[in-house]
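Chemist:
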Amino acid sequence: NAGVMQNPRHLVRRRGQEARLRCSPMKGHSHVYWYRQLPEEGLKFMVYLQKENIIDESGMPKERFSAEFPKEGPSILRIQQVVRGDSAAYFCASSRPRLAGDYNEQFFGPGTRLTVL
Amino acid sequence: GEDVEQSLFLSVREGDSSVINCTYTDSSSTYLYWYKQEPGAGLQLLTYIFSNMDMKQDQRLTVLLNKKDKHLSLRIADTQTGDSAIYFCAENRASGGSYIPTFGRGTSLIVHP
Chain A
414 NAGVMQNPRH
424 LVRRRGQEAR
434 LRCSPMKGHS
444 HVYWYRQLPE
454 EGLKFMVYLQ
464 KENIIDESGM
474 PKERFSAEFP
484 KEGPSILRIQ
494 QVVRGDSAAY
504 FCASSRPRLA
514 GDYNEQFFGP
524 GTRLTVL
Chain B
665 GEDVEQSLFL
675 SVREGDSSVI
685 NCTYTDSSST
695 YLYWYKQEPG
705 AGLQLLTYIF
715 SNMDMKQDQR
725 LTVLLNKKDK
735 HLSLRIADTQ
745 TGDSAIYFCA
755 ENRASGGSYI
765 PTFGRGTSLI
775 VHP
């Protein structure tokens, strides 16, 4: 059973370009979460999606960032007009729907390391 | 201030016990978690504790929870070099049928021979 897949693993962009990060959840998982890890910091929640729906985007920057999880295909985190401050590791996680009494484990991908020149 | 705080570094000798401490702020967290991150990898859930428990033991791992002080600790017995990693404490909040963890900045555990 393959784990959470993210690609690319490393992405280099120049200021002003667009970055597209992909995440394929584990088989059977319909919930996807995106996190950002800045250097020397913990992971910060960005957005939580279920198929075709954004459930919680309280951690998403108001501008330039968007996320989707279509009916078919991977979840995409899109960053438009990247700036140097966007350089970070972006992690995706997936989970099953939570059942009563379930601790709701999230399984993390290996991350995409974005470098903005 | 940060919602979840933990010390940044811990250095121990192989075979000793390691204790990583954490304080959190959200008293409504249903679960509290410890995640492990090895270099270049994503996070992996190490263990968790339900908020109505005060201790959980799982092989070499012991989690202690003091709800009154909002203090969580992870003890690793007989620490090995393979335990060297960053350990993240996390509280959670409910959101749309799931739980969203809020992570601390992580404690780098260095195990030396």
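Same order as they appear, the protein sequences are chains A and B.
Numbered according to our numbering, the first sequence spans residues 414 to 530.
Numbered according to our numbering, the second sequence spans residues 665 to 777.
Cβ coordinates follow ideal geometry from the N, Cα and C atoms, glycine included.
Counting pairs of beta carbons, one from the segment 717-735 of chain B and one from the segment 666-676 of chain B, are three or more of them closer than 8 Å?
Modeler: The segment 717-735 of chain B, when compared against the segment 666-676 of chain B, does not touch it at the 8 Å Cβ threshold.
Chemist: According to DSSP, is A:Arg497 helix, strand or coil?
Modeler: If DSSP states are grouped into helix, strand and coil, A:Arg497 belongs with the helices.
Chemist: Against B:Ile764, what residues of chain A qualify as contacts under a CB-to-CB distance less than 8 Å, listed in chain order?
Modeler: Chain A residues near B:Ile764: Tyr446, Phe458, Tyr461, Asp469.
Chemist: For B:Asp747, which three-state DSSP category applies?
Modeler: Reduced to three states, the DSSP call for B:Asp747 is helix.
Chemist: Closest to B:Pro777 by CA distance: which of B:Leu707, B:Ala754, B:Ser748, B:Leu729 is it?
Modeler: For B:Pro777, the nearest C-alpha among the options comes from B:Ser748.
Chemist: Inspect the CB distances between the segment 672-683 of chain B and the segment 431-449 of chain A and report whether three or more fall short of 8 Å.
Modeler: The segment 672-683 of chain B, when compared against the segment 431-449 of chain A, does not touch it at the 8 Å Cβ threshold.
Chemist: Could you tell me whether the Cβ atoms of B:Gly768 and A:Gly524 are closer together than 9 Å?
Modeler: No, the pair does not count as a contact, with Cβ atoms beyond the cut-off.
Chemist: Is B:Glu669 helix, strand or coil when you go by DSSP?
Modeler: Note: B:Glu669 maps to strand in three-state DSSP.
Chemist: Report yes or no: is there a C-beta of chain A within less than 9 Å of the C-beta of B:Phe673?
Modeler: It does not; no Cβ of chain A falls within 9 Å.
Chemist: Helix, strand or coil, according to DSSP, for B:Lys720 in the structure here?
Modeler: Looking at B:Lys720 - three-state DSSP - the assignment turns out to be strand.
Chemist: Could you tell me the distance, in whole angstroms, from the CA atom of B:Val683 to the CA atom of A:Ala502?
Modeler: One C-alpha to the other measures close to 27 Å.
Chemist: Pick helix, strand or coil for A:Gln519, following the three-state DSSP scheme.
Modeler: Correct three-state label for A:Gln519: coil.
Chemist: In whole angstroms, what separates the C-alpha of A:Gly498 from that of A:Pro483?
Modeler: Computed Cα separation, rounded: 28 Å.
Chemist: So, with DSSP's three-state summary, where would you put A:Pro452?
Modeler: Reduced to three states, the DSSP call for A:Pro452 is coil.
Chemist: Determine the direct distance from the alpha carbon of A:Ile492 to that of A:Gly432, and round the result to whole angstroms.
Modeler: Note that residue 432 of chain A corresponds to Ala in the displayed sequence, not to Gly. For A:Ala432 and A:Ile492, the distance between alpha carbons rounds to 5 Å.
Chemist: If we cut at 9 Å on Cβ distances, does B:Tyr688 have a partner in chain A?
Modeler: So no, B:Tyr688 is outside the interface.
Chemist: Would you please state the rounded distance, in angstroms, between the beta carbons of B:Thr743 and B:Val727? I believe it to be under 8 Å.
Modeler: Not a contact, Cβ separation roughly 16 Å.
Chemist: Could you check which residue in A:Asn517, A:Cys505, A:Pro487, A:Met418 has the C-alpha nearest to that of A:Tyr446?
Modeler: When only C-alpha atoms are compared, the closest one is A:Cys505.
Chemist: Among the residues of its own chain, which have a CB less than 7 Å from the CB of A:Gln430, if the five just before and after it don't count?
Modeler: Val495, listed in sequence order.
Chemist: Quick check on A:Val425: buried or exposed, where buried means 16 or more other Cβ atoms within 10 Å of its Cβ?
Modeler: With fewer than 16 Cβ atoms within 10 Å of its Cβ, A:Val425 is classed as exposed.
Chemist: How big is the Cα-Cα spacing for B:Arg739 and B:Pro703?
Modeler: Cα-Cα distance, rounded: 21 Å.
Chemist: Start and end of the beta strand (DSSP E) containing A:Arg433?
Modeler: Run containing A:Arg433: 432-437, per the beta strand (DSSP E) assignment.
Chemist: Would you mind telling me which residues of chain A sit closer than 8 Å to B:Arg769, beta carbon to beta carbon, in chain order?
Modeler: Near B:Arg769 (Cβ distances below 8 Å), the residues of chain A are Glu453, Glu454, Gly455.
Chemist: If we ignore side chains and look at the alpha-carbon of each, how far apart do B:Ser715 and A:Glu465 end up?
Modeler: Looking at the two C-alpha atoms, the distance is approximately 32 Å.
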